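So the mapping is simple: the numbering used here equals the position in the sequence shown, first residue as 1, plus 135.
A quick write-up on the structure given underneath.
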Amino acid sequence: MTKSNSTVSSYGVTMQPKTYQGLLRGIEKVVNAVRPTLGPYPRMVALSTQSSANRSPELMDDGGLIARRIIQLPDRDEDIGAMFLRNQLWQMREDHGDGTATLAVLFDYVVRQGLRHIVHGGNAMPLRRYLEQGARLVLEQLQQMTMPVEGQKSLAKIAESICSDPEMAEKLSEIFETISAYGHLELRTGNGRGLEVEYVQGSFWESELHSMTQVNIPGEKKAQLHDCAVLVTDFMVEDLHHVVRMITEAKRAGATSLFLICNGISETCIGFLNTQQTRDVLPVIAAKTPPGNFDQQVAAMEDIALLTGGVPLTRHAGETLESVRQHHFGKARSVWTNHQFLGIVGGKGDPKRLKAQLRSLKNRHAVLEAGDERELIRQRIGKLMGGSAVLWAGGATDAEMNVRKDMASRAAEAVRGAILRGCLPGGGMALLACKPALKQAMERAENPDEKAAYRILLGAMDVPLRTIVSNAGMSPDEIMAYVKMAGDGYGYDVRKRQVVSCSQTEVIDAASIVQAAAVRAINSAALILTVDVLVRHKKPETVVDT
Numbered sequence: 136m137t138k139s140n141s142t143v144s145s146y147g148v149t150m151q152p153k154t155y156q157g158l159l160r161g162i163e164k165v166v167n168a169v170r171p172t173l174g175p176y177p178r179m180v181a182l183s184t185q186s187s188a189n190r191s192p193e194l195m196d197d198g199g200l201i202a203r204r205i206i207q208l209p210d211r212d213e214d215i216g217a218m219f220l221r222n223q224l225w226q227m228r229e230d231h232g233d234g235t236a237t238l239a240v241l242f243d244y245v246v247r248q249g250l251r252h253i254v255h256g257g258n259a260m261p262l263r264r265y266l267e268q269g270a271r272l273v274l275e276q277l278q279q280m281t282m283p284v285e286g287q288k289s290l291a292k293i294a295e296s297i298c299s300d301p302e303m304a305e306k307l308s309e310i311f312e313t314i315s316a317y318g319h320l321e322l323r324t325g326n327g328r329g330l331e332v333e334y335v336q337g338s339f340w341e342s343e344l345h346s347m348t349q350v351n352i353p354g355e356k357k358a359q360l361h362d363c364a365v366l367v368t369d370f371m372v373e374d375l376h377h378v379v380r381m382i383t384e385a386k387r388a389g390a391t392s393l394f395l396i397c398n399g400i401s402e403t404c405i406g407f408l409n410t411q412q413t414r415d416v417l418p419v420i421a422a423k424t425p426p427g428n429f430d431q432q433v434a435a436m437e438d439i440a441l442l443t444g445g446v447p448l449t450r451h452a453g454e455t456l457e458s459v460r461q462h463h464f465g466k467a468r469s470v471w472t473n474h475q476f477l478g479i480v481g482g483k484g485d486p487k488r489l490k491a492q493l494r495s496l497k498n499r500h501a502v503l504e505a506g507d508e509r510e511l512i513r514q515r516i517g518k519l520m521g522g523s524a525v526l527w528a529g530g531a532t533d534a535e536m537n538v539r540k541d542m543a544s545r546a547a548e549a550v551r552g553a554i555l556r557g558c559l560p561g562g563g564m565a566l567l568a569c570k571p572a573l574k575q576a577m578e579r580a581e582n583p584d585e586k587a588a589y590r591i592l593l594g595a596m597d598v599p600l601r602t603i604v605s606n607a608g609m610s611p612d613e614i615m616a617y618v619k620m621a622g623d624g625y626g627y628d629v630r631k632r633q634v635v636s637c638s639q640t641e642v643i644d645a646a647s648i649v650q651a652a653a654v655r656a657i658n659s660a661a662l663i664l665t666v667d668v669l670v671r672h673k674k675p676e677t678v679v680d681t
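Spelled out as structure tokens, the structure:
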């Protein structure tokens with residue numbers, strides 16, 4: 136008997152009504168895992184894995200991370216529904232830091248009510264179209280309600296709505312009041328149990344010394360030059376002739392020291408720079424060009440040159456190391472580097488050109504949706520503005536410190552979003568305030584599927600507040616009755632345990648989070664309602680030949 140390497144692959148196909156049943160079961164399992172985390176009094180979710188069988192379970196209240204830990208469900212049909220929602224939740228967390236639980240409960244309600252309409256004779260495709268139309272109406276209403284964030288106190292409220300830690304919220308509000316929404320915030324593990332903030336002067340990028348033999352501040356393992364020329368390039372410096380030419384041109388430009396930023400440099404060249412004879416002529420320190428893909432590295436070089444008043448020497452411009460001239464050199468009051476970062480303080484670039492570049496980048500940032508490109512532009516703005524801070528998150532154990540760092544990261548993203556795009560009444564109140572417009576749209580609708588879509592969205596606007604109230608240990612039906620009696624423009628503050636006006640509430644959320652959660656939930660639910668057939672690839676089986 137011999138074994139062959141051939142395999143047999145087959146596919147499983149599920150038709151209606153089992154399609155909807157399988158999807159719904161999978162969605163329900165993910166939503167039920169995430170739902171308890173919504174609100175200021177979240178319930179915890181305990182996670183235990185095979186690798187941690189002999190340890191205590193991990194306790195989490197981060198909806199996106201909880202969904203991320205759900206890798207696969209045993210039932211393949213359920214798994215498709217679960218993984219669809221899981222992807223939506225994780226993307227929401229990546230883009231906005233929070234809003235995952237709101238997205239989950241809205242998505243679940245719209246899917247369930249949409250399926251109920253379809254199985255009673257509704258048409259899925261028009262329903263999807265009208266739900267997406269309703270999502271645009273919700274977004275318009277939320278945009279009209281959006282208010283600018285006023286003062287450090289409001290920033291602290293937004294941060295606390297995410298992290299539920301007053302001390303952390305206060306620190307974050309102070310940080311962003313100082314470095315602005317574009318500034319760079321680095322989160323590190325603290326040495327004690329508390330929180331500490333350190334502000335970093337100037338701008339910095341990821342980088343490191345080419346050789347630790349150039350360290351001139353041994354206690355900090357750092358190399359630093361003051362009042363130096365700066366040359367930035369993406370070339371590998373391997374020829375001593377090129378090093379001599381750089382030093383000569385820098386001297387002609389009036390430099391007393393040179394900070395060279397390049398992709399690589401040979402050991403021979405480093406040895407030459409470290410000789411006392413070379414140092415007597417012109418001290419030179421060499422650091423790595425900031426990493427990244429081609430576009431990211433070009434952007435970093437351009438920004439460094441802009442800050443210092445130089446011109447990057449690059450391969451894509453058709454230049455060589457022989458091309459270096461005096462105009463390539465920028466200047467800075469201080470430049471430093473260590474094993475992790477490169478910092479520039481007091482760049483001598485043209486303020487007018489810097490302002491024009493900042494204005495251009497801010498305009499691009501404003502029109503982009505959340506994503507990698509928008510985040511990279513935000514980082515470039517922060518570096519050019521020079522605002523940076525480090526938050527040290529302490530704790531009694533490593534696990535506690537990691538949890539605090541994660542909460543700080545999510546809260547920081549919410550505060551950034553609020554500064555840039557405003558805030559809304561929190562705790563589900565902003566969504567409640569959308570109901571009058573949805574009700575009017577439903578009353579104008581003539582098509583049955585359109586009426587159903589707006590009726591579904593009217594009910595969906597209640598769901599986040601209902602969930603928050605339930606998680607706080609109160610009766611959703613009772614609280615919603617009080618809110619309804621108060622009339623339009625009112626909601627409920629579970630911390631104060633009283634009905635409050637949306638215009639006067641102290642509970643606020645970042646507008647970008649509420650808007651994204653609502654629109655993504657409705658649009659993704661509308662999409663999954665149109666799924667009729669599930670096709671899944673079965674695991675291949677090895678064929679044994681005799």
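Ideal Cβ positions, reconstructed from N, Cα and C, are used throughout, including at glycine.
The model shown is predicted, which means the values in this text are computed figures rather than measured ones.
Query, Result
"Beta-bridge pairing of Leu344 - partner residues as DSSP gives them", "Ala422"
"Any 3 or more C-beta pairs closer than 8 Å across the segment 305-322 and the segment 504-522", "yes"
"When Asp430, Ala565, Trp471 and Val670 are compared against Glu355, the one with the closest alpha-carbon", "Trp471"
"Residue environment, Glu457, which counts as buried when at least 16 other CB atoms sit within 10 Å", "exposed"
"Extent of the continuous alpha helix (DSSP H) to which Gln276 belongs", "Ala259 to Met280"
"Cα-Cα separation, Asp415 to Gly325", "41 Å"
"Residue burial classification, Glu641 (beta-carbon count within 10 angstroms, cutoff 16)", "exposed"
"Local Cβ density within 10 Å of Tyr617, reported as buried at 16 or more and exposed below that", "exposed"
"Exposed unless 16 or more other CB atoms sit within 10 angstroms - verdict on Thr443", "buried"
"7 Å Cβ shell around Leu182 - same chain, five flanking residues per side excluded", "Pro192, Glu193, Met195 and Arg204"
"DSSP three-state assignment for Ser141, whether helix, strand or coil", "With a pLDDT of 45 at Ser141, under the threshold of 50, the modelled position of that residue is not reliable, and the figure given next carries that caveat. The answer is strand: DSSP assigns Ser141 an E or B state."
"Ala179 versus Gly198 - alpha carbon distance", "The residue you asked about is not Ala; residue 179 is Met in the sequence shown. For Met179 and Gly198, the distance between alpha carbons rounds to 10 Å."
"With 16 other Cβ atoms within 10 Å as the buried cut-off, status of Phe429", "exposed"
"Those residues which DSSP pairs with Thr149 across a bridge", "Leu669"
"Under the three-state DSSP convention, the category Met303 falls into", "helix"
"Straight-line gap, Trp527 to Thr602 (C-alpha atoms, nearest Å)", "33 Å"
"Meets three-Cβ-pair contact criterion under 8 Å: the segment 483-492 and the segment 381-395", "no"
"Beta-carbon contacts of Gln287 that lie in its chain and below 8 Å, excluding the five residues immediately before and after", "Ser308, Glu309 and Glu312"
"For Ser178: DSSP bridge partner residues", "Here residue 178 turns out to be Arg, not Ser, going by the sequence shown. Paired residues: none, contrary to the question."
"Member of Ser469, Phe394, Ala270 and Ile201 whose CA lies at the smallest distance from the CA of Leu662", "Ala270"
"Helix, strand or coil at Arg460 according to DSSP, with G and I counted as helix", "coil"
"Nearest residue (CA-CA) to Ile253, options Arg579, Ile206, Thr665 and Leu417", "Thr665"
"Span separating the alpha-carbon of Ile643 from that of Leu496", "28 Å"
"Close beta carbons around Ala291, own chain, < 6 Å, minus the five adjacent residues each side", "Ala304, Glu305 and Ser308"
"For Ser544 and Arg328, the rounded distance between their alpha carbons", "18 Å"
"Secondary structure of Phe339, DSSP reduced to three states", "strand"
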